[in-house]
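Worksheet: one structure, shown below.
Number of protein chains: 2
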Amino acid sequence: MTEPALDGLVDALRHLPGVGAKSAQRIAFHLLQHDRGGAQRLASALTHALQDMRHCVRCHTFTEAEVCSTCLDPRRDARQLCVVETPADQAALERSGSFKGLYFVLMGRISPLDGVGVGDIGAIRLLERAADGVVEEVILATGFTAEGEVTAHALATALRAQGLKVTRLARGVPAGSELEYVDLSTIAHAMGDRR
Amino acid sequence: MTEPALDGLVDALRHLPGVGAKSAQRIAFHLLQHDRGGAQRLASALTHALQDMRHCVRCHTFTEAEVCSTCLDPRRDARQLCVVETPADQAALERSGSFKGLYFVLMGRISPLDGVGVGDIGAIRLLERAADGVVEEVILATGFTAEGEVTAHALATALRAQGLKVTRLARGVPAGSELEYVDLSTIAHAMGDRR
Numbered sequence: 041m042t043e044p045a046l047d048g049l050v051d052a053l054r055h056l057p058g059v060g061a062k063s064a065q066r067i068a069f070h071l072l073q074h075d076r077g078g079a080q081r082l083a084s085a086l087t088h089a090l091q092d093m094r095h096c097v098r099c100h101t102f103t104e105a106e107v108c109s110t111c112l113d114p115r116r117d118a119r120q121l122c123v124v125e126t127p128a129d130q131a132a133l134e135r136s137g138s139f140k141g142l143y144f145v146l147m148g149r150i151s152p153l154d155g156v157g158v159g160d161i162g163a164i165r166l167l168e169r170a171a172d173g174v175v176e177e178v179i180l181a182t183g184f185t186a187e188g189e190v191t192a193h194a195l196a197t198a199l200r201a202q203g204l205k206v207t208r209l210a211r212g213v214p215a216g217s218e219l220e221y222v223d224l225s226t227i228a229h230a231m232g233d234r235r
Numbered sequence: 041m042t043e044p045a046l047d048g049l050v051d052a053l054r055h056l057p058g059v060g061a062k063s064a065q066r067i068a069f070h071l072l073q074h075d076r077g078g079a080q081r082l083a084s085a086l087t088h089a090l091q092d093m094r095h096c097v098r099c100h101t102f103t104e105a106e107v108c109s110t111c112l113d114p115r116r117d118a119r120q121l122c123v124v125e126t127p128a129d130q131a132a133l134e135r136s137g138s139f140k141g142l143y144f145v146l147m148g149r150i151s152p153l154d155g156v157g158v159g160d161i162g163a164i165r166l167l168e169r170a171a172d173g174v175v176e177e178v179i180l181a182t183g184f185t186a187e188g189e190v191t192a193h194a195l196a197t198a199l200r201a202q203g204l205k206v207t208r209l210a211r212g213v214p215a216g217s218e219l220e221y222v223d224l225s226t227i228a229h230a231m232g233d234r235r
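From first to last, the protein sequence lines are chains A and B. Note that our numbering has the first sequence beginning at 41, numbered continuously upward. Note that our numbering has the second sequence beginning at 41, numbered continuously upward.
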């Protein structure tokens, strides 16, 4: 069974993150057998997104316009700039309803093992953006992983050198957790940052 | 953040089997940010497969030709016809190297709960195929699940009524298993079918 069109589809699916060889085959058969409309929609959504999506010139997130709708929203507080790793992190913060300022999306994080340095995550663009004379506080909301912490540390150093106020999301016990099941480093941080 | 092109892509990905809302978002960001070439390849692989893949007129599997390469292979034993649920099952049998006959691919199985009856799985086509005067034995290799068993039972009844020899893959203890960890129904079948 060597069918180039089928093999090509399975191979293209297998390169999606989180999709292994078996899933790729299952997805390909499903699309061809049961959801040809879905396959058509996916093909045109991919083409459409590749054509139309670019980076917001202000916050660097994905957008179809030159400046994204969040950056253009006059109700947002332009004095606060929250730095996140990905649009998904931004979306999570938006859902929390806890932040009304503007964002800067790194589209990555420093990862020495993967050869991703501070120059690869739009740090210079961030420094320019934060130096607009309106931003007063930069809130670093990169992940609380080793790589997220390295990224936050590097950015904090550079931003403070520009005289900006730099803060970091608080670490602590997640809502709904029983202390018994929270890892010790989190408890130690929550104790240190108690208020 | 409402970007129709991005939302459309996430939505199309979310309809793939085994891909949830979070994975869909992660895949979309990955493709746009890190693998635009992969996105392009996937879009054209989908279009290509939708255009070119059809069903083999003999065994009903996916193929680009009228008759698939397996059905055309003169070295295969046309007296044995193995019935499987999917091309993936056929591929697994081929990898095992244990069968040199021809296949019939149901592209499904009887599933009363999903409203899939015997008429929906190409049973009539199978009966015609098996009545070619060359096929002597039909080996039912549908899954050993409730639905696979129902399918095998229904097909066996119809095929035997045509005077064909019908067999079923043996049930038993999987290679490499310790008996201790094998489920009791499998052990009971392996004992019953001992040889």
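From the three backbone atoms N, C-alpha and C, an ideal C-beta is built for every residue, glycine too. Predicted, not measured: the structure shown is a model, and the values here were computed from it.
query: Is there contact here, the region 140–155 of chain B with the region 121–129 of chain B, by at least three beta-carbon pairs under 8 angstroms?; result: yes
query: Along chain A, which residues have their Cβ under 9 angstroms away from the Cβ of B/A128?; result: K62, Q65, R66 and F69
query: Between the region 194–219 of chain A and chain B, which residues of the former have CB atoms less than 8 angstroms from a CB of the latter, in chain order?; result: none
query: If the criterion is Cβ atoms closer than 9 angstroms, does the pair B/V59 and A/I227 meet it?; result: no
query: Would you identify the three-state DSSP class for A/A171, choosing helix, strand or coil?; result: coil
query: To the nearest angstrom, how far is it from the Cα of A/R211 to the Cα of A/A61?; result: 38 angstroms
query: Please work out which residues of its chain come closer than 7 angstroms, Cβ to Cβ, to B/R208, disregarding the five sequence neighbours upstream and downstream, and give them in chain order.; result: L180 and A192
query: Listed from N- to C-terminal order along the chain, which residues in the region 77–99 of chain A have their beta-carbon within a distance smaller than 7 angstroms of any beta-carbon of chain B?; result: G78, A79, Q80, R81, L82, A83, A85, L86, T87, H88, A89, L90, D92 and M93
query: Answer yes or no: do A/E176 and A/T182 have a C-beta to C-beta separation smaller than 9 angstroms?; result: no
query: Can you check whether the C-beta of A/M231 is within less than 9 angstroms of a C-beta belonging to chain B?; result: no
query: List in chain order: all unbroken alpha helix (DSSP H) runs of 4+ residues lying wholly within the region 61–86 of chain A.; result: 61–74
query: Are there three or more Cβ pairs, one per stretch, closer than 8 angstroms when the region 95–113 of chain B is compared with the region 48–57 of chain A?; result: no
query: Kindly list, in the order they appear in chain B, the residues whose Cβ is closer than 7 angstroms to that of A/Q73.; result: M147
query: Tell me B/L180's beta-bridge partners as DSSP assigns them.; result: B/V123 and B/R208
query: To the nearest angstrom, how far is it from the Cα of B/G162 to the Cα of A/T185?; result: 53 angstroms
query: Are the beta-carbon atoms of B/V156 and B/A194 separated by less than 9 angstroms?; result: no
query: I need the boundaries of the alpha helix (DSSP H) containing A/V50, first residue and last residue.; result: P44 to R54
query: When Cβ atoms are compared, which residues of the region 43–56 of chain B fall closer than 8 angstroms to chain C?; result: In the displayed structure, chain C is absent; the protein chains listed are A and B.
query: Under 9 angstroms between the Cβ atoms of A/A89 and B/L56?; result: no
query: Could you tell me whether the Cβ atoms of A/A45 and A/R54 are closer together than 9 angstroms?; result: no
query: Can you find a C-beta in chain B that's less than 9 angstroms from the C-beta of A/E106?; result: no
query: Identify the continuous beta strand (DSSP E) that holds B/L142 and give its terminal residues.; result: G141 to V145
query: On the DSSP bridge assignment, give the partners of B/T103 in chain order.; result: B/R94
query: Taking only three categories from DSSP, how would you classify A/V156?; result: strand
query: Looking only at its own chain, which residues have a Cβ that is under 7 angstroms from the Cβ of B/E106, when we skip the five neighbours before and after it?; result: V97
query: How about A/Q130 and A/T103: are their beta carbons less than 9 angstroms apart?; result: no
query: Taking only three categories from DSSP, how would you classify B/A118?; result: strand
query: For A/I150, does the count of other Cβ atoms within 10 angstroms reach 16, so buried, or fall short, so exposed?; result: buried
query: Kindly list, in the order they appear in chain A, the residues whose Cβ is closer than 7 angstroms to that of B/F102.; result: E43, L46 and L72
query: Using a 10 Å radius around the Cβ and a threshold of 16 neighbouring Cβ atoms, would you call A/V178 buried or exposed?; result: buried
query: Buried or exposed for B/M93, please, with buried defined as at least 16 other CB atoms from any protein chain shown within 10 angstroms of its CB.; result: buried
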